[in-house]
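Going line by line, the protein sequences match chains A and B.
Residues in the first sequence are numbered consecutively from 1, following UniProt numbering.
Residues in the second sequence are numbered consecutively from 1, following UniProt numbering.
Quick reminder that beta carbons are idealized off the backbone N, C-alpha and C, glycines included.
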Amino acid sequence: MKFKSVFDIIGPVMIGPSSSHTAGAARIGRVARDLFGRQPKWAKIHLYGSFAETYKGHSTDVAIVGGLLDYDTFDERIKTSFEEAQKVGMEFEFIPETGHVEHPNTARIVLGDDQAEMSLMGISIGGGKIEITELNGFPLRLSGEHPAILVVHDDRSGCIANVANCLYKYDINIGHMEVSRKEKGRMALMVIEVDQNVDKEVMDELAELPNITQVTRIAD
Amino acid sequence: MEPLFHNVRELVERAEKENKLISEIMIEQEIMITDRPREEVMKQMDRNLTVMEEAVEKGLKGVHSVSGLTGGDAVLLQKYMESGNSLSGDLLLDAVSKAVATNEVNAAMGTICATPTAGSAGVVPGTLFAVQNKLNPTREQMIRYLFTAGAFGFVVANNASISGAAGGCQAEVGSAAAMAAAAIVEMAGGTPQQSSEAFAITMKNMLGLVCDPVAGLVEVPCVKRNAMGAANSVVAADMALAGVTSRIPCDEVISAMYEIGQSMPSALRETAKGGLAATPTGKWLEAKIFGGAVVGSGQ
Chain A
1 MKFKSVFDII GPVMIGPSSS HTAGAARIGR VARDLFGRQP KWAKIHLYGS
51 FAETYKGHST DVAIVGGLLD YDTFDERIKT SFEEAQKVGM EFEFIPETGH
101 VEHPNTARIV LGDDQAEMSL MGISIGGGKI EITELNGFPL RLSGEHPAIL
151 VVHDDRSGCI ANVANCLYKY DINIGHMEVS RKEKGRMALM VIEVDQNVDK
201 EVMDELAELP NITQVTRIAD
Chain B
1 MEPLFHNVRE LVERAEKENK LISEIMIEQE IMITDRPREE VMKQMDRNLT
51 VMEEAVEKGL KGVHSVSGLT GGDAVLLQKY MESGNSLSGD LLLDAVSKAV
101 ATNEVNAAMG TICATPTAGS AGVVPGTLFA VQNKLNPTRE QMIRYLFTAG
151 AFGFVVANNA SISGAAGGCQ AEVGSAAAMA AAAIVEMAGG TPQQSSEAFA
201 ITMKNMLGLV CDPVAGLVEV PCVKRNAMGA ANSVVAADMA LAGVTSRIPC
251 DEVISAMYEI GQSMPSALRE TAKGGLAATP TGKWLEAKIF GGAVVGSGQ
């Protein structure tokens, strides 16, 4: 079941005019910012399908920028997000694409600052619900609605067990988990959806485990 | 965790077997799936209801979108009702005007509650605040109205689609109207089965509805589609309460909607490339709003 809560249907409370093109877009932007971990300095936003065709009319552009500024779907500042972005010194560019994608409401956000760069692909599946389908080239499925931990690691035996053991130690229940890798034995990514927010203490301990490159989280 | 129901048949059967309202089944499922106390779940829906009330109120005072394509029609409808000369009757027109009010607020980038989407956010509150005058529900019954609508929307979202880009306007305003019809029936004292009949009757009559927003905006024809969706749901609720049934079962109507959405060309699924968006005036309006070559003579 893609839609689990009644509030996916009756909700979200949001700034109009479109749940998939405005609220969903804002959420994709916000998850990107969450995963980046701080305010990006620049963002290149590629739009596909219906997003590319109608983004100005649906305010998809101001919504994504609002999300990148960490605004929720009902934050009235979404309406003036372009000006707000200027204030915090974030540059952005919209690139409507004509290429084929699986879902009609797809955005690829490439963002970064002086230290790092990140790329994320998100789809807006209706009613404000989204899924993150790709992160830095790794295919994944992430709703953004549950707290989640993302662990970049070397593809070695024991890595997954170590992470799971650490979560078990802190009594954190795993709701959904996916592991993907680009190539056998090379870099891999664990996506772990959990039932409660994860403290910094746990994050630090995960980062210290052998063969772990990077640990990030999305709070609820 | 497995939900308590996957389709309308299971939803109705469970409600009948346990002698509960559909809204109650939805509340119980929400508590189970999200592991939150009942009080919290009810409170969140109460807040959504308040957002809906405020949007209707704002729209009835008169709002206008940035493009200038929509706004002010809810006010016209209320004034017309007050004249006492309306043909379709006060309750129906009240539902229509309040649905329009909500969607005008949405088009003006105001705050709304998506039900199930923003483009279709007018129908459920529009009908709710209209039947409120007739049925005098308690606050809890009004909250339950939203859970009943949500239960049916949950089935559609998981078995078909509630997105215009995926399934056309039948998936958005069509679903909203059918959800509202089912909720009206429960509030009016009808049975779970009658809610399902009202849903099926409404959905059947919204099948094939394309999503063809002029200039890609959620304005034309969206606002008036919400009006007609609201009218459709009130009439279908009355039909079901009168004992009229749908020859095609609810779940099969939902499947048909999904199949139709799948075979709809992308020009008619929220791309602003077909239908009303592609008319000479539609293109003229688009050029006027967003700049670019003005095609056709326009208005």
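Handout entry: Own chain partners of A/Ala164 with C-beta closer than 8 Å, once the 5 adjacent residues on each side are dropped
Key = Around A/Ala164: Ile174.
Problem - Proximal residues, the stretch 70-103 of chain A versus chain B, C-beta separation under 7 Å - result: Residues Phe74 and Lys79.
Exercise for the section: Please confirm if the stretch 126-133 of chain A is in contact with the stretch 150-161 of chain A, defined as three or more CB-CB distances below 8 Å between the two stretches. Expected result: Short answer: they don't touch.
Problem - Classification of B/Gly296 by the beta-carbon crowding that lies within 10 angstroms, buried from 16 upward - result: Per-residue confidence for B/Gly296 stands at a pLDDT of 43, beneath the threshold of 50, marking its modelled position as unreliable; no derived number is given.
Exercise for the section: Spell out whether any CB of chain B is found under 8 Å from the CB atom of A/Thr54. Expected result: Chain B contact via Cβ: present.
Practice task
Indicate whether at least one CB of chain B lies closer than 8 Å to the CB of A/Ala23.
Solution key: Closer than 8 Å to some Cβ of chain B, the Cβ of A/Ala23 qualifies, so yes.
Handout entry: Neighbourhood of B/Lys58 by C-beta, 7 Å cutoff - its chain only, sequence neighbours within 5 removed
Key = Counting only residues of its own chain and dropping the five nearest sequence neighbours on each side, B/Lys58 has a CB closer than 7 Å to the CB of Val105 and Gly110.
Exercise for the section: For B/Thr34, collect the residues of the same chain with a Cβ closer than 8 Å to its Cβ; drop the 5 residues on either side in sequence, then sort them by chain order. Expected result: Taking C-beta separations shorter than 8 Å and ignoring five residues to either side along the sequence, the partners of B/Thr34 in its chain run Val41, following chain order.
Practice task
With 8 Å as the limit, tell me which residues of the stretch 137-166 of chain B have their beta carbon closer than that to any beta carbon of chain A; keep them in chain order.
Solution key: Across the stretch 137-166 of chain B, CB contacts with chain A closer than 8 Å involve Leu146, Phe147, Ala149, Gly150, Ala151, Gly153, Phe154, Ala157, Asn158, Ser161, Ile162, Ser163, Gly164, Ala165 and Ala166, in sequence order along the chain.
Handout entry: Validate contact between the stretch 21-34 of chain A and the stretch 237-247 of chain B using beta carbons, cut 8 Å, 3 pairs
Key = Not touching, per the Cβ criterion.
Handout entry: Proximal residues of chain A, C-beta to C-beta of B/Gln44 below 7 Å
Key = For B/Gln44, the C-beta contacts it makes with chain A under 7 Å involve Phe7, in order along the chain.
Handout entry: Own chain partners of A/Tyr71 with C-beta closer than 6 Å, once the 5 adjacent residues on each side are dropped
Key = Cβ within range, chain order: Arg77 and Ile78.
Exercise for the section: Within 10 angstroms of the Cβ of B/Gln299, are there 16 or more other Cβ atoms? Answer buried if so, exposed if not. Expected result: For B/Gln299, the pLDDT reaches just 40, beneath the cut-off of 50, and the residue's location in the model is therefore unreliable, leaving the point undetermined.
Practice task
Return yes when the Cβ of A/Ala63 is within less than 8 Å of the Cβ of A/Thr22, no when it is not.
Solution key: Closer than 8 Å, so yes.
Exercise for the section: Measure from the C-beta of B/Glu30 to each C-beta in chain A and report whether the shortest distance is under 8 Å. Expected result: The beta carbon of B/Glu30 falls within 8 Å of a beta carbon belonging to chain A, placing the residue at that interface.
Practice task
Give the interface partners of B/Ile33 over in chain A, defined as CB-CB distance under 7 Å, in chain order.
Solution key: For B/Ile33, the C-beta contacts it makes with chain A under 7 Å involve Lys4 and Ser5, in order along the chain.
Problem - Close-in-space but distant-in-sequence residues of the same chain around A/Ile9 (CB under 8 Å, 5 per side omitted) - result: If we look at A/Ile9 and ignore the five residues flanking it on each side, its Cβ neighbours are Phe3 and Gly127.
Exercise for the section: Would you verify that the beta carbon of A/Asn162 is, or is not, closer than 8 Å to some beta carbon of chain B? Expected result: The beta carbon of A/Asn162 does not come within 8 Å of any beta carbon belonging to chain B, so the residue lies off that interface.
Handout entry: Beta-carbon gap between B/Ala74 and B/Val100 smaller than 8 Å
Key = Yes, they are a contact pair.
Exercise for the section: With DSSP collapsed to three states, give me the class of A/Arg30. Expected result: If DSSP states are grouped into helix, strand and coil, A/Arg30 belongs with the helices.
Exercise for the section: Kindly indicate if chain A contains any beta-carbon less than 8 Å away from that of B/Arg225. Expected result: No, B/Arg225 does not count as interfacial toward chain A.
Exercise for the section: Indicate the three-state DSSP secondary structure (helix, strand or coil) for B/Val155 in the structure shown. Expected result: Correct three-state label for B/Val155: helix.
Exercise for the section: Indicate whether at least one CB of chain B lies closer than 8 Å to the CB of A/Pro12. Expected result: Closer than 8 Å to some Cβ of chain B, the Cβ of A/Pro12 qualifies, so yes.
Exercise for the section: Look at A/Met187 and A/Val179 and say whether their C-beta atoms are less than 8 Å apart. Expected result: Not in contact: A/Met187 and A/Val179 (Cβ atoms no closer than 8 Å).
Handout entry: Residues that A/Met1 contacts on chain B, provided the C-beta gap is smaller than 8 Å
Key = Contact note: A/Met1 reaches chain B through Pro3, His6 and Asn158, using a C-beta cutoff of 8 Å and chain order.
Exercise for the section: Please list, in chain order, all residues of the same chain as B/Val63 whose beta carbon is under 6 Å from its beta carbon, the five residues on each side excluded. Expected result: Gly71, Glu104, Val105 and Ala108.
Exercise for the section: Answer with yes or no whether the minimum CB distance from A/Gly66 to chain B is below 8 Å. Expected result: Under the Cβ distance rule, A/Gly66 does not count among the residues neighbouring chain B, no pair being separated by less than 8 Å.
Handout entry: Test: B/Val295 CB closer than 8 Å to a CB of chain A
Key = Only weak support exists for where B/Val295 lies, its pLDDT of 46 falling under 50; the value from the coordinates is given anyway. It does not: the Cβ of B/Val295 has no partner Cβ on chain A nearer than 8 Å.
Problem - Cutoff 8 Å: A/Asn165 Cβ touching any chain B Cβ - result: So no, A/Asn165 is outside the interface.
Practice task
Would you kindly work out how many angstroms separate the C-alpha atoms of B/Val294 and A/Glu91, rounded to a whole number?
Solution key: Confidence at B/Val294 is low in this model, with a pLDDT of 49, below 50, so its placement is unreliable and no value can be given for it.
Handout entry: Where A/Phe7 falls, given that 16 or more other Cβ within 10 Å makes a residue buried
Key = Buried, since its Cβ has 16 or more Cβ neighbours within 10 Å.
Practice task
Please check if any C-beta of chain B sits within less than 8 Å of the C-beta of residue 224 of chain A.
Solution key: Here chain A covers residues 1 to 220 and nothing more, so residue 224 of chain A does not appear.
Practice task
Could you list which residues in chain B have their beta carbon closer than 8 Å to that of A/His58, in chain order?
Solution key: By Cβ distance, chain B contributes Gly216, Leu217 and Val218.
Exercise for the section: On the DSSP bridge assignment, give the partners of A/Lys180 in chain order. Expected result: In the sequence under discussion, the amino acid at residue 180 of chain A is Ser, which differs from the Lys named in the question. Checking the DSSP bridge columns, you'll see A/Ser180 partnered with A/Leu189.
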